[in-house]
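Data first, discussion second: the structure below is written as structure tokens.
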Amino acid sequence: MDDLQQLLLGFQVALTWQNVAFMIVGVLLGIVVGVLPGLGGPNGVAILLPLTFGMDPTSAIILLSSIYWGALFGGAITSVLFNIPGEAWSVATTFDGYPMAVQGRAAEALTAAFTASFIGALAGVLLITFVAPLVAKFALRFGPAEFFGVFFLTFCSFVGMGKENKAKIVASLSIGFLLAAVGLDTISGDLRMTFGQTELMKGFDFLVVVIGLFGVSEILLTIEEGLHFKGKRAAIDLKVVLKTWARLPAYWATLLRSSVVGMWMGVTPGGAIAASFMGYGLAKRFSRRRENFGKGEIEGVLAPETAAHAAGTSALLPMLALGIPGSATAAVLLGGLLIWGLQPGPLLFVEKKEFVWGLIASMYLGNVAGLLIVLATVPVFASIMRIPFALVAPIILIVCAIGAYTVEGSRFDIWLMLVFGFVGYVFKKIEYPLAPLVLALVLGDRAEDAFRQAILGSGGDLSVFFSNGLVSTLMILAVLLLFWGPITDLFGRVRGRRRLDPRLAE
Amino acid sequence: MSVDALPSAERGLSRRLVEIVVALALMGLAGLVLWDSYGRGAGWEGGPQNGYFPARVGWLLMIAAAFALISAVRARRREIFVTWEQLRQVARVFVPLLLFVLGVAYLGIYISSLLFMALFMLTVGSFRLWTVAAASVLVPLVIFWVFEIQFLVPLPKSPFVATLGF
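Chains as they are written, first to last, in full-length UniProt numbering: chain S, 1 to 506; chain X, 1 to 166.
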């Protein structure tokens, strides 16, 4: 009840005309970012973050999180109309969205995608509203060992749940940690891994790394594939919207299932990408019109979009309540909070109530605004894709360079951006995942501090990580997630054998 | 597109080679980290020394990269990392970008942007000259308006632009 009151107060914060304006600007920018190649959620937020340093933190985070919502919506536009996923999480949307557009049902597919996104996001926000305060309250009891346990859990689940080669995920995580450690060590005051270079003293800023890894590399990949946009046209009118909405209740089971999958995958950092594929796969398995999937089935649009948005939104829950982001974009937002002097985590709910609830309220409003804006403006954004790439690409690259420069006003950072752009290009092509690297880079210092404080308290004895029920549970869960693949294989084999047994008995 | 149909376009840099080079580079990086961390002390001295954590992560990277190296060496599939034709495309973007970043150091962001836009549009696209000219002049002006005037964020400038009073 207390929380609901807080939420009402939050709406008062979020509903000032200024914040609503930021929300609308954010959503519009976000859709642009989602539609354009080379500008994704993490990169778009990273470029704009430095511009918000002078703003009030609440307004700033409302602006930035609205960009995130916009990017989530925008990814669907290119998937349906151009068969090009604007974001990795909308890959599954192309399976049925594009066939629908080919059949001339683009408006229906887009309406379904946006509405599903909205429903998924709403599920995620509801989860945040009711669960985040509880998690935060619970986490107030955490000491350094417990916090390290949570970090460890996050990293292990990345390794265990990731689809890429495990060695590559671990390598990517390690690189992130090492990059975070470069520069001044806050505890001892010594310089680490600078090799006498003054430029390295300030360390690697995650924003610069993100802009290079996600922005510059994406442009290089896009140019390499050779762009030939052959899009379908669509304008959405009210009749199609209402007709599509009238059909939605029939798919309640799919929507609900995808929401749950998305919420789960978002909180545990499985991520929106995995969630969208899982949502699609499950819908296909349970649907009565299974054979229609891949040929333009509306359920095949609803399922991945709901799951992707539920995951994308839920990824903010651990970020707010524990200070641990569930996705790369959430990691960038978390970095922003730190820059504004807000320490995400359980104490934020106690000390900065206004900020937290203002943000949560803005999630409701931002998604409503996002749905309306995106339905109204599809033709405009679809036409962005028709601007020649040779004109858009240099502008994006200049904006990336400015974004990297403005973080600290350092020309060296533009060089770093270029280097990480190249690294990102190579890593993406040989499937080293980038999200773990960013996550470890953002969390590295805090994970290390928690680790050092914990073992300092125990005098170097690693058993501190199994000293009480709470931290032991976290560590054991972490190890279970780490070996998730082999464990499920084992279960599958045992069950498979049981299924075989009766047949053998016959 | 079968390999037989396009023999020249399908040739390129082997993915296996790239994987091996990257894994070796990462092992080198890990070695550098370990050398640096143990040099400063990665043990215990009234508490964990400041190389304690990086050294352990360094070992982790070393092991992970070694695994990646082994699986790359043992890989049987012949995949192409990037065809020469694709590499040419990428170079057409990367080289102007490199010149742009180099230019920012000497000419500031505005003049470099102007040159970069023009160079990029001429080499990658096929635009009429006046389109190129308009875009190359407009983009720096818009950037100037947004950053210097609206957000009051100073960007790197050449002495020439700086004399305009900003």
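Glycine included, every Cβ here is placed at the ideal spot set by N, Cα and C. The model shown is predicted, which means the values in this text are computed figures rather than measured ones.
Beta-carbon proximity check, residue i vs residue j, cutoff 9 Å
i	j	result
residue 352 (chain S)	residue 338 (chain S)	no
residue 311 (chain S)	residue 274 (chain S)	yes
residue 68 (chain X)	residue 428 (chain S)	no
residue 240 (chain S)	residue 204 (chain S)	no
residue 90 (chain S)	residue 436 (chain S)	no
residue 452 (chain S)	residue 31 (chain X)	no
residue 187 (chain S)	residue 251 (chain S)	no
residue 513 (chain S)	residue 155 (chain S)	With chain S represented from 1 up to 506, any question about residue 513 (chain S) goes unanswered, as that position is not in the structure.
residue 144 (chain X)	residue 106 (chain X)	no
residue 115 (chain X)	residue 99 (chain X)	yes
residue 93 (chain X)	residue 393 (chain S)	yes
residue 179 (chain S)	residue 403 (chain S)	no
residue 131 (chain S)	residue 407 (chain S)	no
residue 150 (chain S)	residue 474 (chain S)	yes
residue 61 (chain X)	residue 27 (chain X)	yes
residue 417 (chain S)	residue 142 (chain X)	no
residue 226 (chain S)	residue 89 (chain X)	yes
residue 52 (chain S)	residue 64 (chain S)	yes
residue 219 (chain S)	residue 47 (chain S)	no
residue 32 (chain S)	residue 414 (chain S)	no
First and last residue of the uninterrupted alpha helix (DSSP H) at residue i
i	result
residue 63 (chain X)	52–74
residue 13 (chain X)	Careful: residue 13 (chain X) lies outside any alpha helix (DSSP H), inside the beta strand (DSSP E) at 12–14.
residue 170 (chain S)	166–181
residue 432 (chain S)	Where residue 432 (chain S) is concerned, there is no enclosing alpha helix (DSSP H), given that its DSSP letter is neither H nor E.
residue 510 (chain S)	Nothing about residue 510 (chain S) can be read from this structure; chain S reaches only from 1 to 506.
residue 243 (chain S)	238–247
residue 7 (chain S)	2–14
residue 93 (chain S)	91–102
residue 347 (chain S)	346–351
residue 532 (chain S)	It is not possible to answer for residue 532 (chain S), since the shown part of chain S is limited to 1 through 506.
residue 206 (chain S)	206–210
Chain X contact residues for residue i, given Cβ-Cβ distances below 8 Å
i	result
residue 58 (chain S)	Simply none; closest approach about 19 Å.
residue 144 (chain S)	Those within 8 Å of residue 144 (chain S) in chain X number zero; the least Cβ separation is about 12 Å.
residue 411 (chain S)	104, 105, 156
beta-carbon residue i near the ligand ATP non-hydrogen atom, thresh 8 Å
i	result
residue 52 (chain S)	In the structure on display, the ligand ATP does not appear, and there are no ligands present to speak of.
Run of the beta strand (DSSP E) containing residue i, from where it starts to where it stops
i	result
residue 81 (chain X)	80–83
residue 39 (chain S)	It is not in any beta strand (DSSP E) - residue 39 (chain S) carries neither H nor E in the DSSP assignment.
8 Å contact criterion, which residue i and residue j should meet: CB distance rounded
i	j	result
residue 345 (chain S)	residue 323 (chain S)	4 Å
residue 41 (chain S)	residue 329 (chain S)	4 Å
residue 81 (chain X)	residue 37 (chain X)	About 32 Å separates the two Cβ atoms, so there is no contact after all.
residue 45 (chain S)	residue 442 (chain S)	About 12 Å separates the two Cβ atoms, so there is no contact after all.
residue 110 (chain S)	residue 80 (chain S)	5 Å
residue 18 (chain X)	residue 430 (chain S)	6 Å
residue 57 (chain S)	residue 340 (chain S)	4 Å
residue 9 (chain S)	residue 34 (chain S)	Contact doesn't hold; Cβ gap of about 31 Å is too wide.
Beta-carbon contacts of residue i that lie in its chain and below 7 Å, excluding the five residues immediately before and after
i	result
residue 305 (chain S)	76, 93, 113, 116, 117, 120
residue 23 (chain S)	62, 66, 362, 365, 366, 369
residue 458 (chain S)	464
residue 20 (chain X)	69, 72, 73
residue 6 (chain S)	353, 357
residue 133 (chain S)	3, 349
Residues near residue i in its chain [Cβ-Cβ closer than 8 Å; skip 5 each side]
i	result
residue 49 (chain X)	40, 41, 42, 43
residue 86 (chain X)	12
residue 23 (chain X)	65, 66, 68, 69, 72
Neighbouring residues, chain S, relative to residue i (Cβ below 9 Å)
i	result
residue 64 (chain X)	166, 167, 168, 169, 170, 171, 172, 173, 174
residue 90 (chain X)	220, 221, 223, 224, 425
Partners in chain S for residue i, counting only beta-carbon separations shorter than 7 Å
i	result
residue 44 (chain X)	460
residue 125 (chain X)	388, 390, 391
Same chain, Cβ closer than 6 Å to residue i, five either side skipped, listed in chain order
i	result
residue 147 (chain X)	153, 155
residue 426 (chain S)	none
residue 294 (chain S)	95
residue 118 (chain X)	132, 136
residue 158 (chain X)	107, 108, 111
residue 26 (chain S)	63, 66, 67
residue 472 (chain S)	466
residue 244 (chain S)	108, 111, 112
residue 194 (chain S)	200, 201
residue 147 (chain S)	450
Interface residues of chain S facing residue i [CB-CB closer than 8 Å]
i	result
residue 14 (chain X)	Simply none; closest approach about 11 Å.
residue 58 (chain X)	174, 178
Within chain X, the residues that residue i reaches when beta carbons sit closer than 9 Å
i	result
residue 66 (chain S)	Ordered by position in chain X, no residue passes the 9 Å Cβ test against residue 66 (chain S), which lies about 18 Å from the chain.
residue 429 (chain S)	15, 18, 81, 82
Neighbour list for residue i in chain X, Cβ cutoff strictly below 7 Å
i	result
residue 105 (chain S)	Chain X residues near residue 105 (chain S): none, gap ~30 Å exceeds 7 Å.
residue 451 (chain S)	53
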